[in-house]
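Asker:
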Ligand code: ZN
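In our numbering, the protein residues as written are 55 to 300.
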């Protein structure tokens, strides 16, 4: 099986279309989405439609939850909150129904999908270092687990019996064999708003037959989405950050 994994899309159709065609070239036969289809970007409804039409395996992200009023947004910064309010007005009833149907965790061996961490999925904590990775891995009972949320890609490869001896791969692009590891946690980075100072869209690709996991990057038309953000009246900072990858 070849799995294409889409991280935080955030309403960015230009990035999503580019990543999906790259994954189709890679030969992906299953799409997974780790949450946050919406928020920040100018085309939330179109992104939901694309993810749904790909038949993706999807979990709920914190921005998706915020649009549904399932989450207190007081800890969001003002720009994120403005985008949530704007997004809520854009979505059709069928989009909201789709988001409402998303679970916090999807377990589908050999993988599990969760937005933040396995040890507290409803709290939307971040995996940003081996400290959180170990906690999450303790609650992972499939070989693979795909997460997002931090918008910074990373891979943690370990064995259940010796989690602390994990191998950590923090490269912005990577191709790693996970043969011999029974607990692999992959933060696939973000399709629509990368924050590792590399503005190219990030995505994950896993070949379960070859036991290879990759983080790949692809350039997309950033100027086009920036124009749409400004035309929609969304905060300018949300356009500017895309060129910087922050
Ligand atoms: Zn996000």
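Don't be surprised by glycine CBs; every beta carbon is placed ideally from N, CA and C.
Given the structure is predicted, the values throughout are model-derived calculations rather than measurements.
Does the beta-carbon of residue 90, which I'm using as the reference point, lie nearer than 7 Å to any heavy atom of the ligand ZN?
Answerer: The residue given as residue 90 occupies position 36 in the chain shown. Because some heavy atom of the ligand ZN lies under 7 Å away, the Cβ of residue 90 counts as near it: yes.
Asker: CA-CA distance, residue 161 and residue 69?
Answerer: Position 107 of the chain shown, counted from the start, is the residue given in the question as residue 161. Position 15 of the chain shown, counted from the start, is the residue given in the question as residue 69. Each residue's Cα considered, the two are about 27 Å apart.
Asker: Going by DSSP in three states, residue 128 sits in which element: helix, strand or coil?
Answerer: Along the chain shown, read from residue 1 onward, the residue named residue 128 stands at position 74. Three-state DSSP puts residue 128 in a helix.
Asker: Which residue spans inside the segment 156 to 183 form an unbroken beta strand (DSSP E) run of at least 3?
Answerer: Complete beta strand (DSSP E) runs here, min 3: 159 to 162, 165 to 168.
Asker: Is there at least one non-hydrogen atom of the ligand ZN closer than 7 Å to the beta-carbon of residue 62?
Answerer: Here the question's residue 62 lines up with position 8 in the chain shown. It does: the Cβ of residue 62 is within 7 Å (strictly closer) of some heavy atom of the ligand ZN.
Asker: For residue 164, count the other beta carbons within 10 Å of its own beta carbon; 16 or more makes it buried, fewer makes it exposed. Which is it?
Answerer: Residue mapping note: residue 164 aligns to position 110 of the chain shown, counting from 1. The residue in question, residue 164, is exposed, as its Cβ has fewer than 16 Cβ neighbours within 10 Å.
Asker: Provide the residue span of the alpha helix (DSSP H) that contains residue 104, from first to last.
Answerer: Residue numbering aside, residue 104 sits at position 50 when the chain shown is read from its first letter. First-last of the alpha helix (DSSP H) with residue 104: 98 to 107.
Asker: Can you tell me which of 242, 248, 260 puts its alpha carbon nearest to the alpha carbon of residue 78?
Answerer: Position 24 of the chain shown, counting from 1, holds the residue named residue 78. Here the closest residue by C-alpha is 260.
Asker: Locate the beta strand (DSSP E) running through residue 211, then write down its first and last residues.
Answerer: The residue given as residue 211 occupies position 157 in the chain shown. First-last of the beta strand (DSSP E) with residue 211: 208 to 212.
Asker: On the DSSP letters alone, give me the boundaries of the beta strand (DSSP E) that residue 257 sits inside.
Answerer: Counting from one through the chain shown, the residue named residue 257 turns up at place 203. Taken as a continuous stretch (DSSP letters only), the beta strand (DSSP E) holding residue 257 covers 255 to 261.
Asker: Under 7 Å: does the beta carbon of residue 115 sit that close to some heavy atom of the ligand ZN?
Answerer: Your numbering for residue 115 matches position 61 in the chain shown. Indeed, a heavy atom of the ligand ZN lies less than 7 Å from the Cβ.
Asker: Mind checking whether the beta-carbon of residue 205 lies closer than 7 Å to any heavy atom of the ligand ZN?
Answerer: Locating residue 205 in the chain shown gives position 151, counting from the first residue. Yes - the ligand ZN has a heavy atom lying nearer than 7 Å to the Cβ of residue 205.
Asker: Buried or exposed for residue 290, going by 16 or more other Cβ atoms inside 10 Å?
Answerer: The sequence position of residue 290 within the chain shown is 236, counting from 1. So residue 290 ends up on the exposed side.
Asker: Suppose you measure from the CA of residue 111 to the CA of residue 126; what does that come to, to the nearest Å?
Answerer: Walking along the chain shown from the start, residue 111 turns up at place 57. Walking along the chain shown from the start, residue 126 turns up at place 72. Straight-line Cα distance between these residues: approximately 26 Å.
Asker: Among 283, 296, 292, 275, which residue has its Cα nearest to the Cα of residue 71?
Answerer: Within the chain shown, the letter at position 17 stands for residue 71. Considering only alpha carbons, the answer is 275.
Asker: Taking only three categories from DSSP, how would you classify residue 116?
Answerer: As a working mapping, residue 116 is identified with position 62 in the chain shown. It is helical.
Asker: Report the rounded CA-to-CA distance for residue 202 versus residue 170, giving the unit in angstroms.
Answerer: Within the chain shown, numbered from 1, the residue matching residue 202 stands at position 148. Within the chain shown, numbered from 1, the residue matching residue 170 stands at position 116. Each residue's alpha carbon lies about 6 Å from the other.
Asker: Just checking, does the segment 222 to 239 make contact with the segment 203 to 212 on the three C-beta pairs under 8 Å criterion?
Answerer: Output reads yes: the segment 203 to 212 touches the segment 222 to 239.
Asker: Please report the straight-line C-alpha distance between residue 106 and residue 157, rounded to a whole angstrom.
Answerer: Translated into positions along the chain shown, residue 106 becomes position 52. Translated into positions along the chain shown, residue 157 becomes position 103. Looking at the two C-alpha atoms, the distance is approximately 14 Å.
Asker: Go ahead and pull the three-state DSSP assignment for residue 188.
Answerer: Taking the chain shown and counting its residues from 1, the one referred to as residue 188 is at position 134. In this structure, residue 188 counts as helix in the three-state DSSP scheme.
Asker: From residue 85 to residue 104, what does the alpha carbon distance come to, in whole angstroms?
Answerer: Counting from one through the chain shown, the residue named residue 85 turns up at place 31. Counting from one through the chain shown, the residue named residue 104 turns up at place 50. Computed Cα separation, rounded: 11 Å.
Asker: Between the segment 280 to 296 and the segment 132 to 144, do three or more beta carbon pairs fall short of 8 Å?
Answerer: A contact exists between the segment 280 to 296 and the segment 132 to 144.
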